[in-house]
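Residue numbers (our numbering), protein chains in the order written: chain A, 1 to 218; chain B, 219 to 418. Just so it is clear, CB atoms sit at the ideal spot from N, CA and C, and this is done for glycine as well. To start, the structure itself, in structure tokens.
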Amino acid sequence: MIAILRRDLRLAIRAGGGFGLALVFFLIVVVLVPFAVGPDTDRLSVIAPGVLWLGALLACLLSLDRLFATDAEDGSLELMATAPVPLEGVVLAKAIAHWMTTGLPLALVAPALGILLALPVQAVPVLTLGLLIGTPALSMIGSFGAALTVGLKRGGLLLSLLVLPLYVPTLIFGALAAASAAEGQAWQTPLLLLAGITLGSLALLPFAGAGALRVNLR
Amino acid sequence: MELKVESLACVRSGMPVLSDVSFSVAAGEALILRGPNGSGKTTLLRTLAGLQPATEGSVKAPEDSMIYAAHADGIKGTLSVAENLQFWAALYGYRDIGPAFTAFGLKTLVNRPAQKLSAGQKRRLGLARLLVSRRPIWLLDEPTVSLDTDGVARFAEAVRNHVGAGGLAVIATHIDVGLDARVLDISQFRAKPPVLEPLA
């Protein structure tokens, strides 16, 4: 599993890997929002949590269709399936690698972008914490969707349709936590619910993803 | 150690391909599968490797003893030759990849990105994976495709060494690789096509 994680991280950083794509997409979306809605800081600070979470979610989605597709094309997936590592472990390792190259950097740059959107200062730590807690769920749910669509030639569209509804709870609670903190209200409950979603998807979705891969490999 | 196949039936995307396949391969033996294109060699190997379930019959082999080499070699172009092989070795729990490089004549290519390799060199790298896995049962699907005569000779040598050390191999191939091995023609196991009822 560690070997798969290390290989995927290395592949992501090398030329042609997905690293940077999600980050740049996130930067572009957030930087363009003030131009689109105008520079009024009152208005910006209201929509900032939602915009940041939406940007992070779409950025995560961007690199998902390559998660298993490249391995399926060059035959690695079949060979990994016959290797002495459970397919559940393969799914988990690849989802963690996906999170480390998308979710984690997004959460780390979010404070800087929050300031750009006039996000109140007391909400910045909550936003970062929420992204750190919530984005693993995005990668996990996404890996399940990618496993379902791995056999399809252009699976990206179907993958988005499958995965986006499942992303809604994460989006709601993540944005709610940051928005509550911005308004000076209690933000602990939505964060705890977010943590619950992440833990649940970490516990269950590797099995679902491995099951989907097994069917697709037949 | 023995690979024993008993009245196995395989399907490929819902269509029965092979039925009542029975053979056994003992340790120290290689078996060559022959048959025309589409006769089910790949399907049989995939079923043996556990990638698709058998509809009938059984495959008996010690647990965690098989390694499967498909048409595709599972090589990542942006990783170097050594990094590719190190990954597979680590997945099987080993680190030493030197002997595998020597066996397939890859010594001079160790640091080259795998995307710069020729088709034959990629195939050599794919076959080197068999050695680093240290698995006793090799299931090989057309292993000599795009290899030159030197490559085929090295491959035959590797199989001979493997079999000599008590391993066993099942190889689907069309060409004569120069191995002293039993040949099994699988076209005799072809499944009868399902009888289609004429539409009323």
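Asked: Cβ-Cβ distance between B:A227 and B:S237 below 8 Å; Found: yes
Asked: CB contact check: B:T296 to chain A, cutoff 8 Å; Found: yes
Asked: Sufficient close CB pairs (3 or more, under 8 Å) joining the region 176–189 of chain A to the region 115–131 of chain A; Found: yes
Asked: CB contact below 8 Å: B:Y286 versus chain A; Found: yes
Asked: Chain B contacts from the region 61–75 of chain A (Cβ-Cβ distance under 9 Å); Found: T70, D71, E73, D74 and G75
Asked: Endpoints, beta strand (DSSP E) assigned at B:E224; Found: E220 to R230
Asked: Spatial distance of B:V299 from B:I389 (CA atoms); Found: 25 Å
Asked: From B:F373, B:L266 and B:F407, residue whose alpha carbon lies closest to that of B:I355; Found: B:L266
Asked: For A:G107, the nearest candidate out of A:F35, A:G174, A:A203 and A:G209 (CA to CA); Found: The question names Gly, yet the displayed sequence has Ala at residue 107 of chain A. Nearest C-alpha to A:A107: A:G174.
Asked: Residues, ordered as in the chain, of the region 308–329 of chain B that lie near chain A by beta-carbon distance below 8 Å; Found: A308, L309, Y310 and G311
Asked: Bridge partners - A:F207, DSSP secondary structure assignment; Found: Answer by DSSP bridge pairing: none, since A:F207 is not bridged.
Asked: Proximal residues of chain B, C-beta to C-beta of A:A81 below 7 Å; Found: L269
Asked: Contact with chain B by A:V85, beta-carbon distance below 8 Å; Found: yes
Asked: Chain B contact residues for A:R154, given Cβ-Cβ distances below 8 Å; Found: Ordered by position in chain B, no residue passes the 8 Å Cβ test against A:R154, which lies about 20 Å from the chain.
Asked: Complete beta strand (DSSP E) runs within the region 355–413 of chain B (minimum length 3 residues, chain order); Found: 355–359, 386–390 and 400–403
Asked: Close beta carbons around A:T41, own chain, < 7 Å, minus the five adjacent residues each side; Found: A118
Asked: Per-residue DSSP class, three states only, for B:G246; Found: coil
Asked: Rounded straight-line distance, which links the Cα of B:S257 to that of B:K296; Found: The sequence shown places Thr at residue 296 of chain B, rather than the Lys named in the question. In a straight line, the C-alpha of B:T296 is about 36 Å away from that of B:S257.
Asked: Continuous beta strand (DSSP E) stretch holding B:V277: start and end; Found: E274 to K278
Asked: Bridge partner(s) assigned by DSSP for B:A287; Found: B:L358
Asked: Cβ of B:G258 within 8 Å of any chain A Cβ; Found: no
Asked: Positions along the region 40–59 of chain A whose CB lies within less than 7 Å of some CB in chain B; Found: none
Asked: CB contact flag (A:A97, A:L9, <8 Å); Found: yes
Asked: 8 Å Cβ cutoff met for A:S143 and A:L58; Found: no
Asked: Beta-bridge pairing of B:F241 - partner residues as DSSP gives them; Found: B:V223
Asked: Bridge partner(s) assigned by DSSP for B:R252; Found: B:D403
Asked: Where A:E88 meets chain B, residues with beta-carbon distance less than 7 Å; Found: Near A:E88 there are no residues of chain B at all, since even the closest Cβ is about 15 Å away, more than 7 Å.
Asked: DSSP-derived helix/strand/coil call for B:V299; Found: helix
Asked: Residues from the region 159–184 of chain A in contact with chain B, defined by Cβ distance under 7 Å; Found: none
Asked: B:G292: contacting residues in chain A (beta-carbon distance under 9 Å); Found: D71, D74, G75, S76, L77, E78, L79 and M80
Asked: Unbroken stretches of the alpha helix (DSSP H), 4 residues or longer, contained in the region 154–216 of chain A; Found: 156–182
Asked: Cβ-Cβ separation, A:A146 to A:L159 (assumed contact under 8 Å), whole Å; Found: 6 Å
Asked: Distance between B:S276 and B:G253 (C-alpha atoms, nearest Å); Found: 22 Å
Asked: C-beta neighbour in chain B for A:A97, strict 8 Å; Found: no
Asked: C-beta neighbour in chain B for A:A195, strict 8 Å; Found: no
Asked: Beta-carbon proximity of A:L213 to A:V163, cut-off 8 Å; Found: no
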